[in-house]
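In the working numbering, the protein residues as written are 511 to 723. Glycine is no exception: its CB is placed at the ideal position from the N, C-alpha and C atoms. Right, one structure below, let's go through it.
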């Protein structure tokens with residue numbers, strides 16, 4: 511479900527361009543990178559307008575008969591780059607006919623809020639609620655020096671269904687363990703296979719077998 515929400519959020523942003531709801535095209539629509547240094551090493555130049563989405567965890571969880579109901583948090587970071595000046599990264603530049611390839615980060619943020627807030631994205635969840643918007647400081651990243659970024663946080667609620675097992679687990683009546691005691695070693699259960707396999711009874715340095723009444 512979490513991955514479906516992330517993909518659906520990005521798909522709605524892309525669809526807005528296809529339908530002409532916004533006068534610019536997103537050049538990057540991805541999930542949020544965990545390591546920005548590695549991201550730029552792999553991607554090279556940042557292509558904007560850009561948006562990244564990420565699951566932020568569950569803010570609250572309630573019980574229900576169908577499974578836990580979680581209030582989930584999703585973050586969206588939008589970015590625009592402009593070589594003109596710092597103001598242009600935020601304000602953008604519109605053409606006389608209203609079209610633009612330089613929307614500016616303010617417009618990206620407002621458009622994203624308007625496109626996603628109040629939407630259930632066709633999924634079995636409550637409508638997205640916009641709960642917070644904040645500027646992202648990027649001075650520490652050289653590749654983002656001429657880029658303005660904004661982070662939007664949305665929340666939604668959905669059920670985490672129980673996972674059923676067809677048969678009940680058997681009673682825990684015995685505990686069996688084989689031990690590799692250093693520095694003896696040589697307890698590989700199958701020396702022919704690469705790596706070290708869990709020790710078998712015949713090769714273990716010690717074996718425990720405990721039965722419970």
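### Message
Suppose only complete runs of 4+ residues qualify. What are the alpha helix (DSSP H) ranges in the segment 514–590, listed by chain order?
### Response
Segments of the alpha helix (DSSP H) lying fully in the segment 514–590: 546–553.
### Task
Drop a sphere of 10 angstroms on the beta-carbon of residue 612, count the other beta-carbons inside from all chains shown, and report buried for 16 or more, exposed for fewer.
Along the chain shown, read from residue 1 onward, the residue named residue 612 stands at position 102. A residue is called buried when at least 16 other Cβ atoms come within 10 angstroms of its Cβ; residue 612 meets this threshold and is buried.
#### Entry: CA nearest to the CA of residue 517, picked from 565, 643 and 549
The count along the chain shown starts at 1 and reaches residue 517 at position 7. In terms of Cα proximity to residue 517, the closest of 565, 643 and 549 is 565.
### Task
Can you tell me the Cβ-Cβ gap for residue 588 and residue 660, rounded? I've got them flagged as a contact below 8 Å.
Indexing the chain shown from 1 puts residue 588 at position 78. Indexing the chain shown from 1 puts residue 660 at position 150. Rounded, the Cβ-Cβ distance is 5 Å, consistent with contact.
### Message
Going by DSSP in three states, residue 598 sits in which element: helix, strand or coil?
### Response
Taking the first residue of the chain shown as 1, we reach residue 598 at position 88. Residue state, collapsed to three classes: helix.
### 8 Å CB neighbourhood of residue 711 in its chain, flanking five on each side removed
Residue mapping note: residue 711 aligns to position 201 of the chain shown, counting from 1. Contacts found: 688 and 717.
### Query
Start and end of the alpha helix (DSSP H) containing residue 618?
On the chain shown, position 108 is the one that residue 618 refers to. Here the alpha helix (DSSP H) through residue 618 covers 615–626.
### Query
What residue range is occupied by the uninterrupted beta strand (DSSP E) comprising residue 668?
The residue you call residue 668 lines up with position 158 of the chain shown. Its beta strand (DSSP E) spans residues 657–669.
### Query
Taking the DSSP output, what are the residues bridged to residue 645?
In the chain shown, residue 645 corresponds to position 135, counting from 1. Its beta-bridge partners are 660.
### Query
Which residues in the same chain have their Cβ closer than 6 Å to the Cβ of residue 641, if we skip the five residues on either side of it in sequence?
Reading the chain shown from its first residue, position 131 is the one you call residue 641. Excluding sequence neighbours, residue 641 sits near 663 and 665.
### Message
If you measure between the beta carbons of residue 584 and residue 515, is that distance less than 8 Å?
### Response
Working through the chain shown from its first residue, we reach residue 584 at position 74. Working through the chain shown from its first residue, we reach residue 515 at position 5. Contact flag set, yes.
#### Entry: Closest Cα partner of residue 626 within the set 512, 526, 511 and 595
Working through the chain shown from its first residue, we reach residue 626 at position 116. Among 512, 526, 511 and 595, the Cα nearest to that of residue 626 is on 526.
### Message
Let me confirm a value: residue 673 is counted as buried when at least 16 other C-beta atoms fall within 10 Å, else exposed. Which label applies?
### Response
In the chain shown, residue 673 corresponds to position 163, counting from 1. Residue 673 counts as exposed, since fewer than 16 other beta carbons sit within 10 angstroms of its beta carbon.
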